[in-house]
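The sequence shown begins at -5 in the numbering used here and counts up by one.
As structure tokens, the structure follows; a few thoughts come after it.
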Amino acid sequence: MKYPKLTSVGAWRYGITTGWDQSKLRFDPESGLPKYGGFYTKQQVREIVKYAADRGINIVPEIEMPGHTMPVFAAYPELMCQNQPAAEQAGQPSSNVYCVGNDQTFKFVETVLDEVMELFPSKWIHIGIDVRFARRR
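In structure tokens form, the structure reads like this:
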């Protein structure tokens, strides 16, 4: 894995509740809050993909972008735009959207997608874009 902090840092949350309240989201092991989360190893993913394929099921992976990326920024804060305000609390990134003006962002996304394509034979990758429509009045 090219970005090991995605599993050592970004895969773990501390003390978050469910719902939309991001104010309780932490990636700080020093917080003393309960830890939860986890990740699949590449070998586990290969086993799941094979298990599904043996039963005629195609798994379409989902990689969230351009938003919902707070776990990425907990691990790699340099992928946020530098003009973001400081986080209000330790272990909580101040943004959840990639900085598209940062060349490192494109290298990161390209590398992650290359790893995903290596693991999943699907023709599709869901990137989880939130689309909001506004009507003109």
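Quick reminder that beta carbons are idealized off the backbone N, C-alpha and C, glycines included.
Computed from a prediction, not measured in an experiment: that's the story for all the values here.
- Contact between Thr1 and Phe21 fails: their C-beta atoms lie close to 12 Å from each other, not under 8 Å.
- With distances taken between CA atoms, Lys36 lies nearest to Met111 out of Val94, Arg49, Pro60 and Met111.
- By the neighbour-count definition (other C-beta atoms within 10 Å, threshold 16), Thr105 is an exposed residue.
- When the five nearest sequence neighbours on each side are left out, the beta carbons in the same chain lying within less than 6 Å of the beta carbon of Glu58 are those of Gly122, in order along the chain.
- Straight across, the Cα-Cα distance linking Ala46 with Thr99 is about 32 Å.
- For Tyr30, there is no enclosing alpha helix (DSSP H); the enclosing beta strand (DSSP E) has its first and last residue at Lys29 to Gly31.
- Met(-5) counts as exposed, since fewer than 16 other C-beta atoms from the protein chains shown sit within 10 angstroms of its C-beta.
- In the three-state reduction of the DSSP assignment, Tyr8 falls in the strand class.
- Under the DSSP definition of a beta bridge, His120 partners with Glu56.
- By the beta-carbon neighbour count (other beta carbons within 10 angstroms, threshold 16), Arg49 is exposed.
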